[in-house]
Structure formats: structure tokens, C-alpha cells
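Each residue of the sequence shown is one higher than the one before, starting from 13 at the first, in our numbering. Where is the CB? At the ideal position from N, CA and C, for every residue including glycine. Some notes on the structure that comes next.
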Amino acid sequence: MKIIWIATSNLHKVEEFQTMLGKDVKVKCLKDLDQDIEIVENGKTFEENALIKARSLYAVLKEPVLADDSGLEVDAMNKAPGVYSARWMGEDTPYSIKNQAIIDAVKGKERTARFVCVIAYINEAGQEKTYRGTIEGLIHDKIEGNNGFGYDPIFYYPPFKTTTANVSEEMKNSVSHRGRALAAFLKDWEEQK
Ligand code: IMP
Numbered sequence: 013m014k015i016i017w018i019a020t021s022n023l024h025k026v027e028e029f030q031t032m033l034g035k036d037v038k039v040k041c042l043k044d045l046d047q048d049i050e051i052v053e054n055g056k057t058f059e060e061n062a063l064i065k066a067r068s069l070y071a072v073l074k075e076p077v078l079a080d081d082s083g084l085e086v087d088a089m090n091k092a093p094g095v096y097s098a099r100w101m102g103e104d105t106p107y108s109i110k111n112q113a114i115i116d117a118v119k120g121k122e123r124t125a126r127f128v129c130v131i132a133y134i135n136e137a138g139q140e141k142t143y144r145g146t147i148e149g150l151i152h153d154k155i156e157g158n159n160g161f162g163y164d165p166i167f168y169y170p171p172f173k174t175t176t177a178n179v180s181e182e183m184k185n186s187v188s189h190r191g192r193a194l195a196a197f198l199k200d201w202e203e204q205k
């Protein structure tokens, strides 16, 4: 059976990738490694960071590797928090505080924003490719919804007429940045089979 490694310790992501890739492939992650690898995420773009993660793992394994990097871009904030989305205002600061800070920052300004996800893939031979998925929305004027995570409660998606935290996981995944990047990767992957 073909093995694909994912440069993450997040079991939720591992499960998502396993479901999308199907039963012919076994997905493994950093938790399956018998050594710790250091990943220094110091890229300035989502593409750079996804590649940094994938390269760190490929260097050790020389087997097919996937990695992803994602975040929220707010136009009125010069596309911040962007690649710093997880670390913005401090990694341990609750999202209720981060989300309120974004609502305050866009008051009276343009509200357009997007989630971005880039997936990097390195094949057995070391060839690299990236796939980008985005979802365009608006910063809501209040925190709304209990599903999702992170910035979902302030991400108003006009076709849903509510935030991505106020719909089911299935509904969010059908239009999400991660779903779209994965679909682009899968199209390529199926063609190469
Ligand atoms: P990473 O891709 O695991 O590095 O996560 C990037 C960060 O971007 C997350 O910790 C969240 O703050 C934010 N983010 C990425 N995708 C989403 C999403 O689907 N909803 C809400 N926040 C997200």
C-alpha cells in the first residue's frame, strides 16, 4: 500500500487527508516518526511555509510528503494576520479576544477578507508542487456561531448569510479553503495514478 506522510501532528488534519485520499493510501504523520524533527516556520508566504514543512519531513524520509499552511487575510489590515494567524496576538490568547480585535480594527473600513490554504506535495523523486485554495468573505460585525475553530466566528460567508462557525462542518468543508486546495491536489493525484 502506498504511504503518504503529512507534516503535521494534528490528528484532525490527518483524518481529513485520509478520508480524501481514500483506502488505497495510508496516511502517516509526525506522531508516527521515531524521531523529533524541527520545523522552523519562518516563511513570508503560505507557499513558503507549506514547503518548509514538507521539505523538513522529506529530508528525513525521502518518501512522498504533504504539508499545508493556512490563515486569514483581512484587506483593511494589510492582509494580516496572514501567515501569522496562529501566532497573532500570542498563540495562547483566546480567539474571543483575537476575533474582537479584528472586528474593532475593521470598524468603518472595508470588510473583505479571505481564508487561504496552501498544500505542498513532494513526490518520491523530490519534485515539489503547491496547490492554493481560498474562500472569500467579510469580517462580521459580531462574533457568531459555535462550530469550526479559530477565526470562523467572525468570517461571514455571503452565500451562507452567516459565519462559517454557524454552519455544519460538512457545509463548511464543501466550500472551504482547505477543501478547495485538497480538491486541486486530488485532481492532480488522480491523473498521476
Ligand atoms: P495552520 O495552517 O495549522 O498553521 O493554522 C493557521 C491558523 O489560521 C489557525 O491556527 C487559525 O488561526 C487560522 N485558520 C486556518 N484555517 C482556518 C479555518 O478554517 N477557520 C478558522 N481559522 C482558520
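At a cut-off of 7 angstroms, the beta-carbon of Leu42 does not count as near the ligand IMP: no heavy atom of the ligand is closer than that.
At a cut-off of 7 angstroms, the beta-carbon of Tyr168 does not count as near the ligand IMP: no heavy atom of the ligand is closer than that.
With a cutoff of 7 angstroms, Asp104 does not count as near the ligand IMP, since its C-beta is closer than that to no heavy atom of the ligand. Annotated three-state conformation of Lys74 is coil, per DSSP.
By the criterion of at least three beta-carbon pairs nearer than 8 angstroms, the region 174-190 is in contact with the region 140-152. Ser180 has its Cβ no nearer than 7 angstroms to any heavy atom of the ligand IMP.
A distance below 8 angstroms separates the beta carbons of Leu78 and Ile18. Between Gly149 and the set Val86, Lys43, Glu59 and Cys41, the nearest pair of CA atoms involves Val86.
Counting only unbroken stretches of 3 or more residues, the beta strand (DSSP E) elements lying wholly within the region 87-155 are 124-134 and 140-151, in sequence order. The Cβ atoms of Ala66 and Ile134 sit closer than 8 angstroms to each other. Boundaries around Val26 are those of the alpha helix (DSSP H), Leu23 to Leu33, since no beta strand (DSSP E) includes it. Judged by DSSP in its simplified three-state form, Ile49 adopts coil rather than helix or strand.
Secondary structure note for Lys199: its alpha helix (DSSP H) is the uninterrupted segment His189 to Gln204.
Cβ contact annotation for Ile166 (same chain, cutoff 7 angstroms, sequence separation greater than five): Asn111, Ile114, Ile115, Ile151, His152, Ile155 and Thr175, in chain order. Here Asp164 carries a helix assignment [DSSP, helix/strand/coil].
The Cβ atoms of Thr57 and Val26 do not sit closer than 8 angstroms to each other.
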